[in-house]
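See below for the structure under consideration.
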Amino acid sequence: MGSFKSLSESSNDSVNCENILLYLDSIDKLLQSWQNIIKKIACEAIPKKPGIQWLTTWSSHLELYLNNYQCSGVWYEEFLTVTKLHTSSTLRLVAYLLLQKTNRF
6 MGSFKSLSES SNDSVNCENI LLYLDSIDKL LQSWQNIIKK IACEAIPKKP
56 GIQWLTTWSS HLELYLNNYQ CSGVWYEEFL TVTKLHTSST LRLVAYLLLQ
106 KTNRF
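Residue numbers (the numbering used here): 6 to 110.
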């Protein structure tokens, strides 16, 4: 014979599913934002003067810009480590909003 879940357990399950969908959606938006930022960085790395070593100059500028961008995100990885210890949707939302603010600059 099957077991029945209480109303509160069913409600908690649906809330958890909604939170997971919300979290996954924000991750998708976050990845799209990073894609746009990296495209912008690649365009900014294009040298102003065409020349023989144009590709070399562009690749070294791109590497430098991407390294700077990567270094600025180290704090976010540490913040994620902390939020994994305390699984709260509020903490995830704060992390997402902080990252959005940082990416705008």
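Positions of the beta carbon are idealized from the N, C-alpha and C atoms, including for glycine.
DSSP, read as helix, strand or coil, puts Ala50 in coil. Cβ-Cβ distances below 7 Å link Leu71 to Ile46 in the same chain, with the five nearest sequence neighbours on each side left out; the list follows chain order. Under the three-state reduction of DSSP output, Ile57 falls in the coil class, being neither helix nor strand. The beta carbon of Ile51 lies closer than 7 Å to those of Trp63 in the same chain, with the five residues before and after it left out.
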